[in-house]
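Visitor: Here it is, the structure, as C-alpha cells.
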Amino acid sequence: MKESKAIWLDNVLHEIESIHIDSKSERRIRVDISPDALPALLELLKGRAGYLHLSSISCVDWPDDDEFELVYHIWSYETNILISAHTRVSRNPGFYISVYDIHTPAGFFERDIYEMFGLFFEGSPNMEKFILTEWNGPPPMLKSFDTEKFVHETFDWKDYNPDWLQEIVAKGGGIVE
Amino acid sequence: MTEKNELPVIRPAAGDACQSESRSGLFQHAIDSFVEFCRSRSMFILHYCTGCGAIELPPAMTSRFDMERLGISPMVTPRQADILLITGYVSIKTLKRIILTYEQMQGPKYVIGICSCTVNGGMYWQSYATAKQLNEYLPVDMYIAGCMPRPEAVLEGLMQLRDKIESGAATSWEDYFKRYDHYLGKQQHLFGKDWHTPTDVIEEARHYNLLGEGTLGENTAVLEKYLRHHQELDLTRVALEPAKTNLPDR
Numbered sequence: 000m001k002e003s004k005a006i007w008l009d010n011v012l013h014e015i016e017s018i019h020i021d022s023k024s025e026r027r028i029r030v031d032i033s034p035d036a037l038p039a040l041l042e043l044l045k046g047r048a049g050y051l052h053l054s055s056i057s058c059v060d061w062p063d064d065d066e067f068e069l070v071y072h073i074w075s076y077e078t079n080i081l082i083s084a085h086t087r088v089s090r091n092p093g094f095y096i097s098v099y100d101i102h103t104p105a106g107f108f109e110r111d112i113y114e115m116f117g118l119f120f121e122g123s124p125n126m127e128k129f130i131l132t133e134w135n136g137p138p139p140m141l142k143s144f145d146t147e148k149f150v151h152e153t154f155d156w157k158d159y160n161p162d163w164l165q166e167i168v169a170k171g172g173g174i175v176e
Numbered sequence: 000m001t002e003k004n005e006l007p008v009i010r011p012a013a014g015d016a017c018q019s020e021s022r023s024g025l026f027q028h029a030i031d032s033f034v035e036f037c038r039s040r041s042m043f044i045l046h047y048c049t050g051c052g053a054i055e056l057p058p059a060m061t062s063r064f065d066m067e068r069l070g071i072s073p074m075v076t077p078r079q080a081d082i083l084l085i086t087g088y089v090s091i092k093t094l095k096r097i098i099l100t101y102e103q104m105q106g107p108k109y110v111i112g113i114c115s116c117t118v119n120g121g122m123y124w125q126s127y128a129t130a131k132q133l134n135e136y137l138p139v140d141m142y143i144a145g146c147m148p149r150p151e152a153v154l155e156g157l158m159q160l161r162d163k164i165e166s167g168a169a170t171s172w173e174d175y176f177k178r179y180d181h182y183l184g185k186q187q188h189l190f191g192k193d194w195h196t197p198t199d200v201i202e203e204a205r206h207y208n209l210l211g212e213g214t215l216g217e218n219t220a221v222l223e224k225y226l227r228h229h230q231e232l233d234l235t236r237v238a239l240e241p242a243k244t245n246l247p248d249r
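Have a look at this one:
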C-alpha cells in the first residue's frame with residue numbers, strides 16, 4: 000500500500016519538467032524546482048495528491064550567490080509524505096509571486112519573510128509590518144546585517160566581577176561547593 | 000450670569016511629601032515608622048511576565064513557597080500595585096509597555112528585575128531586539144540574578160526589599176522624578192526622539208515635591224510639543240450651561 004502511494008506520487012511529480020527529486024527517506028521528499036514552476040507544482044500536488052497543508056515557508060539568505068532560497072513544506076494526509084519544495088530567487092530586485100491563492104496560510108509566512116528578509120511577494124494580501132512594528136533598520140535576518148555590531152553601537156554593558164567570582168576563577172572555575 | 004469666582008474650583012490636593020516636611024517630633028516619627036512597617040508588610044506585585052522567569056512565580060506564590068504568608072500577593076492593575084516585577088527578557092517593544100505601566104503606578108513604587116536578561120541581556124546579549132540593562136530606562140530597586148532564579152531566590156529578594164522599605168532605604172522611585180531627563184534620554188536613544196508617554200512626569204514630580212536638578216533638561220525640552228497641561232475644571236460652565244451634544248435639533 001505504502002509503496003503504491005509512493006509510486007503514484009512519483010508519477011505526479013514527474014509530470015512537471017525541469018524538476019529534481021531526491022527521496023530523503025520513506026516519508027520525506029526533497030524537490031528542487033525553478034521559481035517559475037513552483038506555483039504549478041503546489042497546485043498539482045494539491046489537486047492530485049491531497050497536499051492541502053502548507054506547514055511553513057522558510058527562507059535562507061545566500062549572499063555569495065546573491066539569492067534567496069525558499070522552502071515550501073507541504074504535507075498530505077493521504078500519502079503521509081512531507082514534500083519540501085526548494086526554489087531559488089534572485090535577491091535583486093527581490094520579488095517573487097505569492098501562493099496565497101493556492102494555500103491561504105501562505106499570507107502570514109510571506110508577510111514574515113518580507114519583514115525578516117525583505118523579499119516582496121506580489122499578490123499577497125497584506126505586506127504590512129507584522130512583528131517588528133517598531134523596527135526601522137534593515138531586515139534583521141539578512142546575513143549582511145551585523146547584529147553584534149548593532150548591539151555594541153546601541154547598548155551599554157554592565158560590568159559585574161565581584162570578589163567571590165574572582166576567587167572561583169582563580170581556583171580554575173567550576174561548581175561552587 | 001453668576002461670576003465665575005463665586006463657585007469653588009477643584010484644586011489638586013497637596014502631595015504626601017509636602018505634609019511630611021511639616022512633621023516633627025517623636026510621635027510623628029513613630030507614626031512614620033509604623034507606616035513604613037505596614038507598607039513593607041503588604042506588597043502587591045504587578046508581574047510583567049514576558050520572560051521565561053515567570054515560570055518560577057507560580058510555585059513562589061502558591062502553597063509550596065507561599066509568598067502570601069509574607070504579605071506579598073499578586074495584583075491585577077498597575078494603579079493598585081507597589082512592585083513591578085519584570086521576569087526576564089525585555090524586548091524593545093516590551094520595554095515601551097513596561098515604561099507606560101511603570102508611569103501609571105502610584106508612588107512609592109518599586110521595580111524588581113528577575114533573571115540575567117534584565118541585568119545584561121542574558122542569553123540574548125547578541126540580539127538586536129532585546130534591551131540590555133533595565134536600570135538604564137527605569138530605576139530598579141533590586142535584581143535577582145539567575146537563569147532562572149529559584150523561588151527561594153525570588154522570596155529572598157522580596158524579603159530584602161521588604162527590609163529595605165522598612166528601613167526607608169528603598170527610594171529609587173524618587174530617582175525617576177529627580178533624574179527624569181537622564182532616563183528619558185536613554186529611552187529616546189532607543190525609541191527615537193518622538194517618544195513620549197501620556198503621563199506628565201514633570202508635573203507629577205512637581206506634585207510630589209521631587210523636582211530635582213536632573214528633572215528638566217535638553218531631553219525633556221523635546222516633550223514640550225506633546226505636553227497638554229492640566230486644566231482646572233470650570234464648574235460654572237458645568238453647572239449653568241446645558242450639556243452640548245452633537246445631535247441635530249429636532
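Chains as they are written, first to last, in numbering that gives the first Met the number 0: chain A, 0 to 176; chain B, 0 to 249. Backbone N, C-alpha and C fix where the C-beta goes; we use that ideal spot for every residue, glycine too. In this text, all values refer to a predicted model and were calculated from it rather than measured experimentally.
1) Could you compute how far the alpha carbon of P197/B sits from the alpha carbon of E152/A?
2) Of all the residues that make up the stretch 115-127 of chain B, which are near chain A by a beta-carbon distance shorter than 9 Å?
3) Starting from I91/B, find everything on chain A with Cβ-Cβ shorter than 7 Å and list it in chain order.
4) Which chain B residues sit within Cβ distance under 7 Å of E147/A?
5) Report yes if the CB atom of I113/B is closer than 9 Å to the CB atom of G50/B, and no otherwise.
6) Here's the rule: buried if 16 or more other CB atoms are within 10 angstroms of the residue's CB, otherwise exposed. What is K108/B?
7) Identify whether E166/A lies in helix, strand or coil by the three-state DSSP scheme.
8) Going by the beta-carbon positions, is the gap between V30/A and H19/A smaller than 9 Å?
9) For a minimum of 3 consecutive residues, which ranges assigned as the beta strand (DSSP E) are wholly contained in the stretch 99-136 of chain B?
10) Would you say D9/A reaches chain B, if we count a Cβ-Cβ gap shorter than 9 Å as a contact?
11) Where does D140/B fall in DSSP's three states?
12) Under 9 Å, Cβ to Cβ, is there at least one residue of chain A near H188/B?
13) Which residue from L137/B, R149/B, G167/B, G145/B puts its Cα closest to that of R178/B?
14) Taking C-beta to C-beta, are M42/B and I82/B nearer than 9 Å?
15) Mind checking D60/A: buried by the 16 CB within 10 Å criterion, or exposed?
16) Counting only beta-carbon separations shorter than 9 Å, does Y76/A have a partner in chain B?
17) Compile a chain-ordered list of the residues in the stretch 128-147 of chain B whose CB is closer than 9 Å to at least one CB of chain A.
18) Taking C-alpha atoms, which residue in Y50/A, I96/A, E77/A lies nearest to L69/A?
19) Between G191/B and chain A, is there a C-beta pair that is closer than 9 Å?
20) For the alpha helix (DSSP H) that contains T219/B, what are its first and last residues?
21) Roughly how many angstroms separate the alpha carbons of F149/A and Y127/B, rounded to a whole number?
22) Do Q132/B and D155/A have their CB atoms nearer than 9 Å?
23) Please name the residue, chosen from F119/A, K170/A, S17/A, S123/A, that lies closest to G138/A on a Cα-to-Cα basis.
24) Quick one: list the residues of chain B neighbouring W163/A, beta-carbon separation under 8 Å, in chain order.
25) Roughly how many whole angstroms lie between the Cα atoms of S62/B and Y207/B?
26) On the DSSP bridge assignment, give the partners of S72/B in chain order.
27) Whole angstroms is fine: what's the gap from I15/A's alpha carbon to Q187/B's?
28) Taking the CB atoms as reference points, tell me whether E66/A and V98/A lie closer together than 9 Å.
29) Beta-carbon within less than 8 Å of A53/B's beta-carbon, same chain only, minus the 5 sequence neighbours each way: which residues are those?
30) Which residue marks the beginning of the beta strand (DSSP E) containing A84/A, and which one marks its end?
31) Where does I15/A fall in DSSP's three states?
32) Roughly how many whole angstroms lie between the Cα atoms of F107/A and R96/B?
33) Determine, using beta carbons only, whether V30/A comes closer than 9 Å to chain B.
34) For L84/B, I'd like the list of residues in its chain whose CB is within less than 6 Å of its CB, leaving aside the five on either flank, ordered along the chain.
Guide: Reading from the atomic positions:
1) 29 Å
2) V118, N119, G120, W124, Q125, S126, Y127
3) E133
4) Q125
5) yes
6) buried
7) helix
8) yes
9) 109-113
10) no
11) coil
12) yes
13) L137/B
14) yes
15) buried
16) no
17) A128, T129, A130, K131, Q132, N134, E135, A144
18) I96/A
19) yes
20) 217-220
21) 7 Å
22) yes
23) A quick correction: the sequence has Pro, not Gly, at residue 138/A. Looking at the Cα atoms, F119/A is the closest of the given residues.
24) Correct list: empty, because the minimum Cβ distance to chain B is about 13 Å.
25) 39 Å
26) F43/B
27) 55 Å
28) no
29) H46, T86, G87
30) 81-89
31) coil
32) 25 Å
33) no
34) I44, H46, I111
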